[in-house]
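Chains A and B, in that order, give the protein sequences. In this text, residue positions in the first sequence follow our numbering: the first is 73, and each later residue adds one. In this text, residue positions in the second sequence follow our numbering: the first is 9, and each later residue adds one. What follows is a single structure, written as structure tokens, with notes after it.
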Amino acid sequence: MPMKQRAITGWINFAVFLILEIASLHMLAHNGEIQKRWLARGSHWVMGTVWGATQRIQAYFSLSTTNQQLSQENFALREQLFQAQEQLQQLRVDSLQLVPRPGFSLIAAEVTKMSRNKQHNYLILNRGYEDGVQEKSGIISQNGVVGIVDAVSAHYAYAFSFQNSDVSISARLGTEGESGLLVWDGIHSNGAVLKEIPLQQQYHPGDTVFTSGHSLLFPPDIPLGIAGNSKIVNGATSEIEVRLFQDLSAVRYVTVVHNNAFDEIEEFEP
Amino acid sequence: MRKSGFWVAYSLLLVAQILLSNYFTFTPYITLSILPVMVLCISTRIQPYMCMLIAFFSGIIVDWLSEGVLGLNAFSLVPVALLRNPVIHLVYGEGLFTRKEDFTVKSHGFAKVVMAILMMQTLFLALYIWADGAGLRPFWFGLARFFASLPVGLAVSLMTLNVLAADQHR
């Protein structure tokens, strides 16, 4: 039998098979109650699987829009949190009859360019001075600290990434612990080292590391990562490994935070 | 066997299957069916789609005239008819089709016949027990039913083969 004729016969056989099986199943469904339920269950499963799969594919292709929406929502929530913190601070100030202090301003931004494979990595953000971004501002994400703004143009900002051996952040072990300097470990995109922790400081691997608030760049109490093993350096201080919450190779949506009292405080510095 | 003789025997065996379905109800563990071997014995000169139609209507008749659920035998027998040629091809090779011979015991040997019937019975019983249980019966029950039905079905199928391929023994 020629190949073409064989193929046609094959298709006819398959079509007849399908028609007869569908007819049999139709009869089964209408003549046996348990078979009817069984087939309904089967059809629900197929529908669920097929529709679930198409839904997942649709969701995959709309991820970019969803990410942007989430980022905006995230920024709005962070702004509310900061306002609430400022109000709380204000209440404290009022109760102590102190003069209120300016807090942090926030600007949402997106990472336009980022280097990852160097020891002095940088970021370029899609916001500049026309958007209100200023030099010496911190950059945070929902999972921690990302970098520090170094230079600003009209529409873009150049920043040192936390994956930069020149960048260090003041950080603290737990909410009440000693503070030290948090620097990138130079290897991992989510690895850091907390340095200069006094030996008497009690800590347990698994403790959370927060921003201390001692730096002018970042607000206090931003969770940064989890403390790991430690080692004693020069017999005087401890160095603690930290696994950052933010994988710096995967960051895209960030918030620029600027301390409104930065210039005033800087005047005291020699 | 002449063509007309085969179809008379086929019809009579269909009646026998209806009787078996109605009266062989001693245990829920055994499903006795000679339909797969009847489909196996249909001439290889008949096209698969025609063979499936014959299987479908045979199944419907048995379902309709016995106390089963309409569509159950038809559902299980149509795939047997679809895979009949591949099974014969697998067991007997290409020769049977090129020489346009029919499926026989004498010319091809007992072991091959048993193997072909076992394949057909296995497929039929698996589908029949699965659809009949409709997910309500435990798996072990279906398995026990399958392994109890297979040897009994094989024995009855071999007897059926003697009727449908009777001229080969003379």
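Beta carbons: idealized from backbone N, C-alpha and C, even for Gly.
In DSSP terms, what residue i is bridged to
i	result
A231(A)	L195(A), V221(A)
L253(A)	S242(A), K267(A)
A180(A)	T327(A)
V314(A)	A264(A), A299(A)
G216(A)	S213(A)
M58(B)	Bridge partners of M58(B): none, in fact.
T35(B)	Answer is none; T35(B) lacks a bridge partner.
T309(A)	P270(A), V305(A)
M46(B)	According to DSSP, M46(B) bridges with nothing at all.
K190(A)	For K190(A), which the question treats as bridged, DSSP gives no partner whatsoever.
Closer than 8 Å at the beta carbon, the chain B residues around residue i
i	result
R113(A)	G143
I84(A)	Y57
F234(A)	In chain order: nothing, as chain B lies at least about 56 Å away.
Cβ shell of residue i (< 8 Å), same chain only, five flanking positions each side left out
i	result
N332(A)	P174, G175, F176, S177
V70(B)	L22, Q25, I26, S29, L43, G76, N81
N139(A)	R324, Y325
Residue i versus the options, residue with shortest Cα-Cα distance
i	options	result
L90(A)	F14(B), V45(B), L61(B)	L61(B)
R109(A)	P159(B), L90(B), G141(B)	G141(B)
L144(B)	S136(A), V328(A), L111(A)	L111(A)
A226(A)	G204(A), D279(A), I211(A)	G204(A)
L253(A)	I241(A), T247(A), S261(A), G263(A)	I241(A)
Y194(A)	L320(A), D279(A), T280(A)	L320(A)
L296(A)	Y275(A), V255(A), S302(A)	V255(A)
P94(B)	I125(B), W148(B), F65(B), F118(B)	I125(B)
E93(A)	Y57(B), G161(B), Q129(B)	Y57(B)
Y31(B)	M123(B), S74(B), V88(B)	S74(B)
V99(B)	F118(B), F83(B), S84(B), L90(B)	F118(B)
P277(A)	I312(A), A180(A), S213(A)	I312(A)
G79(B)	S237(A), H98(A), V88(A)	H98(A)
E182(A)	R188(A), Q157(A), Q144(A), E151(A)	Q144(A)
Chain B residues whose Cβ lies nearer than 7 Å to that of residue i
i	result
I312(A)	None at all; the shortest Cβ gap to chain B is about 55 Å.
Unbroken beta strand (DSSP E) run spanning residue i, endpoints
i	result
Y325(A)	325-331
A226(A)	Per DSSP, A226(A) belongs to no beta strand (DSSP E) and is neither H nor E.
V281(A)	280-283
I211(A)	210-213
Same chain, Cβ closer than 7 Å to residue i, neighbours up to 5 away in sequence not counted
i	result
R178(B)	With a pLDDT of 39 at R178(B), under the threshold of 50, the predicted position of this residue should be treated as unreliable, and no value is reported.
V171(B)	A17, L21
Y230(A)	Y194, I196, D222, A223
L169(B)	V45, C49, V113, V121
I129(A)	none
Q107(A)	L100, A101
Neighbour list for residue i in chain B, Cβ cutoff strictly below 9 Å
i	result
W110(A)	A139, G141, A142, G143, L144
V122(A)	The contacting residues do not exist; V122(A) stays about 20 Å from chain B at best.
Same chain, Cβ closer than 6 Å to residue i, five either side skipped, listed in chain order
i	result
L28(B)	L40
A24(B)	none
F86(A)	none
G219(A)	L195, I211, A231, F232, S233, F234
T184(A)	I196, N198
R244(A)	S251, F282, S284
V86(B)	M60, A63, F64
V305(A)	E311
G246(A)	D279
R324(A)	V183
Per-residue contacts from residue i into chain A (C-beta, under 7 Å)
i	result
V77(B)	L100, N103, G104, Q107
V86(B)	F89, L92, E93, S96
L166(B)	The contacting residues do not exist; L166(B) stays about 27 Å from chain A at best.
F83(B)	E93, S96, L97, L100
Amino acids of chain A, ordered along the chain, whose beta-carbon sits closer than 8 Å to that of residue i
i	result
A134(B)	Per Cβ cutoff of 8 Å: no residues; A134(B) is ~15 Å from chain A at best.
V70(B)	Within chain A, no residue comes near V70(B); the closest Cβ sits about 12 Å away, beyond 8 Å.
F147(B)	Residues of chain A passing the Cβ test: none, with the nearest at roughly 15 Å.
F64(B)	L92, A95, S96
Terminal residues of the alpha helix (DSSP H) in which residue i lies
i	result
G141(B)	118-141
E301(A)	According to the sequence as given, residue 301(A) is Asn; it is not Glu. Per DSSP, N301(A) belongs to no alpha helix (DSSP H); it is in the beta strand (DSSP E), 295-305.
N103(A)	75-103
V99(B)	92-100
N170(B)	147-172
I337(A)	334-338
L289(A)	L289(A) -> no alpha helix (DSSP H), and no H or E assigned at all.
V77(B)	It is not in any alpha helix (DSSP H) - V77(B) carries neither H nor E in the DSSP assignment.
Neighbouring residues, chain A, relative to residue i (Cβ below 9 Å)
i	result
L80(B)	S96, M99, L100, N103, G104, Q107
L61(B)	V88, L92
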